[in-house]
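Just so it is clear: in the sequence shown, position 230 is 235 by my numbering, and no numbers are missing.
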Amino acid sequence: MPKLEAQPSPDTEARPPSHLFYLSSLRRPLVDRAEGIYFWTKDGRRFIDGSSGPMVANIGHSNRNVLDAMKRQMDKTTFAYRLHFENEPAEELARELAGKLPAGMDRIFFVSGGSEATESCIKLARQWAVATGQPKRWKVITRFPSYHGGTLGSLSVTGDDALAETFTPMMRVMPAVPAPTAWRDRDNLSMEQRGVRYADMLEEKIQAEGPESVLAFIMEPVGGAATAALVAPDSYYPRIREICDRYGILLIHDEVMSGAGRTGKFLGGDHWNCRPDIVALSKGLGSGYAPLGALAAPVRLVEPLLASGGFQHGHTYAGNPLACAAGLAVLGEMDRLDLIANAAAMGDVLIGELRELAKRFPFMADVRGKGLLLGVEMVADPETLKPIEPTRKATQRLLDHAYARGLIIYGRKVKGGVDGDNFMVAPPMIITREQIGEMIAIIGDSLEALAAELDLPVEG
């Protein structure tokens, strides 16, 4: 097959240089509209949103009920500062959200996005420690690789060299333990034993850092872009909870990507009944209709810091009435359309289809995830797990092949942002079996093109 290059569309060729400096050298076409799982561009092409953007559009695009709810709120007010007024959408969304979270997780603080949510969790944890007479606790242990946000605070707990290295002199980088990549291990242990071993690495790190100095451990129950939907062995989760309890350390679940129903449960951690102390939510909570995120915590953590002077933190758009009206409508549509159940059912179909593709393309070394948060790790040699040479840019080439065929999927290096190739498939939770079939056909054609281009192994 000839080498396929992603070609700019006619409307990009006619456009002058952009003043938006975040655009890449490869200009993408101008979007015109979106509906359901599809986008259409100004030049008439249709794209399947196979990754929900960056795993955001959980309920799909242009949902009429959400748009109508936002319009009703716009006719009232689009902004009310939280220190001047309370507003009904924020109060109602907080109540609705608390009802979907683990018991007792009923104090909510709204923010505008995922980075704000994880940083808010860290700041809440620290202020709780100070308010309860534990000022020596300040270290937040994270995993490597991982991603928790782009602000300096959230970046300090992000295990991604490519993103963090430039800013390291400007922040205090937190200690890290290895992410539970048990599927890669070549030993005589069972998966259950490997899960316990990875969890015990947290205890070893706590002891090395000094238990009195450790404040919290932050993790994604189901991995995001940094690990391509990595799922730990089942034994990992209860062991982590046990270790945190033993040392009085707060467990923070970053559910920015895995939350709001995407994995077939409302929270990714719900698959293991894993009880966090603090939860960060965003992305699917607003589902792309408005910038929205949230911190959730129990009263036992919130009351001490309120009694000591209040939460020393906040953002201009925290609890914005328009964003909260959108979030409330999004949760309503999840319930009305039974989308969490659909995510579970369609996730089973999709992961099964991806595993069938892996039989044909053995360089798909691991297919993993939960619900409609799925990832595939690619290697040059499926026996030794030797990575594909980074200069060959396998991930980007695959994404370009799919894009040229009308499918958007997601990918990022899975070894600290520097090495390791993967792609993620995470369509909106409204997807049907027929639409999955359409996606799989394009992924198969794109993998075939990639294999021919990079001389990767193909069966049959």
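For every residue, glycine included, the Cβ atom is placed at its ideal position computed from N, Cα and C. Just so you know, these numbers come straight off a predicted model, no measurement behind them.
Residue 354, enclosing beta strand (DSSP E) - first and last residue: By 1-based counting over the sequence shown, the position of residue 354 is 349. Segment 344-365 is the alpha helix (DSSP H) holding residue 354; no beta strand (DSSP E) there.
So which of 209, 210, 440 and 389 has the shortest CA-CA distance to residue 190? Residue 190 sits at position 185 when you count from the first residue of the sequence shown. Nearest C-alpha to residue 190: 389.
When you compare only the Cα positions, how much space is there between residue 415 and residue 429? Along the sequence shown, one-based indexing puts residue 415 at 410. Along the sequence shown, one-based indexing puts residue 429 at 424. Straight-line Cα distance between these residues: approximately 5 Å.
Taking only the alpha-carbon atoms, compute the straight-line gap between residue 200 and residue 192 and give it to the nearest angstrom. On the sequence shown, position 195 is the one that residue 200 refers to. On the sequence shown, position 187 is the one that residue 192 refers to. Approximately 13 Å between the Cα atoms of the pair.
Can you give me the Cβ contacts of residue 301 inside the same chain, cut-off strictly under 6 Å, excluding the 5 residues immediately before and after it? In the sequence shown, residue 301 corresponds to position 296, counting from 1. For residue 301, where only same-chain residues beyond five positions count, the Cβ hits under 6 Å are 106, 110, 113 and 284.
Looking only at its chain, what residues have a beta carbon closer than 6 Å to the beta carbon of residue 324, apart from the 5 residues adjacent to it on each side? Locating residue 324 in the sequence shown gives position 319, where the first residue counts as 1. Counting only Cβ-Cβ distances below 6 Å, and skipping sequence neighbours, we find 87, 95 and 115.
Mark residue 174 as exposed unless 16 or more other C-beta atoms lie within 10 angstroms of its C-beta, in which case mark it buried. Looking up residue 174 in the sequence shown gives position 169. When all chains shown are included, residue 174 counts as exposed.
Rounding to the nearest angstrom, what Cα-Cα distance links residue 99 and residue 385 in this structure? Residue mapping note: residue 99 aligns to position 94 of the sequence shown, counting from 1. Residue mapping note: residue 385 aligns to position 380 of the sequence shown, counting from 1. Roughly 47 Å between the two C-alpha positions.
So, helix, strand or coil for residue 166, using DSSP? On the sequence shown, residue 166 is found 161 positions in, with the first residue counted as 1. Here residue 166 sits in helix by DSSP.
Bridge-paired residues (DSSP) for residue 389: As a working mapping, residue 389 is identified with position 384 in the sequence shown. Per DSSP, none; premise fails for residue 389.
With the cut-off set at 7 Å, would you say residue 238 and residue 196 are in Cβ contact? Walking along the sequence shown from the start, residue 238 turns up at place 233. Walking along the sequence shown from the start, residue 196 turns up at place 191. Going by C-beta atoms, residue 238 is nearer than 7 Å to residue 196.
Please return the same chain residues whose Cβ sits closer than 6 Å to the Cβ of residue 289, not counting the five positions on each side in sequence. Counting from one through the sequence shown, the residue named residue 289 turns up at place 284. Once the five neighbours on either side are set aside, the close Cβ partners of residue 289 are 63, 265 and 267.
Apply the 10 Å Cβ neighbour rule to residue 140 and answer buried if 16 or more other Cβ atoms are within range, or exposed otherwise. Your numbering for residue 140 matches position 135 in the sequence shown. Burial call: exposed.
What's the gap between the Cα of residue 24 and the Cα of residue 43? As a first step, residue 24 is located in the sequence shown; it is residue number 19 there, counting from the start. As a first step, residue 43 is located in the sequence shown; it is residue number 38 there, counting from the start. So the two alpha carbons sit approximately 27 Å from each other.
Beta-carbon gap between residue 352 and residue 269 smaller than 7 Å: Position 347 of the sequence shown, counting from 1, holds the residue named residue 352. Position 264 of the sequence shown, counting from 1, holds the residue named residue 269. It is a contact, given that the beta carbons lie within the stated cut-off.
Using the Cα positions of residue 362 and residue 462, report the straight-line distance between them to the nearest angstrom. Here residue 362 refers to the residue found at position 357 of the sequence shown. Here residue 462 refers to the residue found at position 457 of the sequence shown. Approximately 13 Å, taken between the alpha carbons.
For residue 265, list the residues DSSP reports as bridge partners. Translated into positions along the sequence shown, residue 265 becomes position 260. Partner(s): none; residue 265 has no beta bridge.
Does the separation of the CB atoms of residue 424 and residue 188 fall below 7 Å? Locating residue 424 in the sequence shown gives position 419, counting from the first residue. Locating residue 188 in the sequence shown gives position 183, counting from the first residue. It is not a contact, given that the beta carbons lie outside the stated cut-off.
State the Cα-Cα distance for the pair residue 413 and residue 56, rounded to the nearest angstrom. Here residue 413 refers to the residue found at position 408 when the sequence shown is read from its first residue. Here residue 56 refers to the residue found at position 51 when the sequence shown is read from its first residue. Distance between the alpha carbons of residue 413 and residue 56: 6 Å.
Name the DSSP beta bridge partners of residue 183, please? As a working mapping, residue 183 is identified with position 178 in the sequence shown. Paired residues: 149.
Is DSSP giving residue 8 helix, strand or coil here? Here the question's residue 8 lines up with position 3 in the sequence shown. With a pLDDT of 39 at residue 8, under the threshold of 50, the modelled position of that residue is not reliable, and no figure is offered here.
Residue burial classification, residue 78 (beta-carbon count within 10 angstroms, cutoff 16): Here residue 78 is taken as the residue at index 73 of the sequence shown, counted from 1. With 16 or more other Cβ atoms within 10 Å, it is buried.
N- and C-terminal bounds of the alpha helix (DSSP H) containing residue 408: In the sequence shown, the residue the question calls residue 408 occupies position 403. Residue 408 -> alpha helix (DSSP H) spans 399-409.
Suppose only complete runs of 4+ residues qualify. What are the alpha helix (DSSP H) ranges in the stretch 81-152, listed by chain order? 93-105 and 119-136
Measure how close the beta-carbons of residue 241 and residue 180 come, nearest whole angstrom, since I'm counting them as under 8 Å. The count along the sequence shown starts at 1 and reaches residue 241 at position 236. The count along the sequence shown starts at 1 and reaches residue 180 at position 175. In fact, because the Cβ distance is near 19 Å, the residues do not count as touching under 8 Å.
Measuring CB to CB, does residue 310 end up less than 7 Å from residue 136? Along the sequence shown, one-based indexing puts residue 310 at 305. Along the sequence shown, one-based indexing puts residue 136 at 131. For residue 310 and residue 136, yes; Cβs fall inside 7 Å.
Distance CB(residue 426)-CB(residue 400) smaller than 7 Å: Indexing the sequence shown from 1 puts residue 426 at position 421. Indexing the sequence shown from 1 puts residue 400 at position 395. Going by C-beta atoms, residue 426 is nearer than 7 Å to residue 400.
Please name the residue in 132, 366 and 156 whose C-alpha comes closest to that of residue 318. Locating residue 318 in the sequence shown gives position 313, counting from the first residue. Nearest of 132, 366 and 156 to residue 318, Cα basis: 132.
Using the rule of at least 16 other Cβ atoms within 10 Å of the residue's Cβ for burial, across every protein chain shown, is residue 84 buried or exposed? Position 79 of the sequence shown holds residue 84. With fewer than 16 Cβ atoms within 10 Å of its Cβ, residue 84 is classed as exposed.
Three-way DSSP call (helix, strand, coil) for residue 417 in this model: Residue numbering aside, residue 417 sits at position 412 when the sequence shown is read from its first letter. Here residue 417 sits in coil by DSSP.
Can you have a look at residue 145 and say buried or exposed, based on whether 16 or more other CB atoms are within 10 angstroms of its CB? Taking the first residue of the sequence shown as 1, we reach residue 145 at position 140. Its Cβ being crowded by 16 or more others within 10 Å, residue 145 is buried.
Where residue 381 falls: helix, strand or coil (DSSP): As a working note, residue 381 is residue 376 in the sequence shown. Strand.
Cα separation between residue 336 and residue 70? The count along the sequence shown starts at 1 and reaches residue 336 at position 331. The count along the sequence shown starts at 1 and reaches residue 70 at position 65. Straight-line Cα distance between these residues: approximately 11 Å.
Run through DSSP, which three-state label would residue 172 get? Counting from one through the sequence shown, the residue named residue 172 turns up at place 167. Helix.
In whole angstroms, what separates the C-alpha of residue 471 from that of residue 259? Coverage of the chain is limited to positions 6 through 465, which leaves residue 471 absent and any answer about it impossible.
DSSP three-state label for residue 250, please. As a working mapping, residue 250 is identified with position 245 in the sequence shown. Residue state for residue 250 is assigned as helix, using DSSP reduced to three classes.
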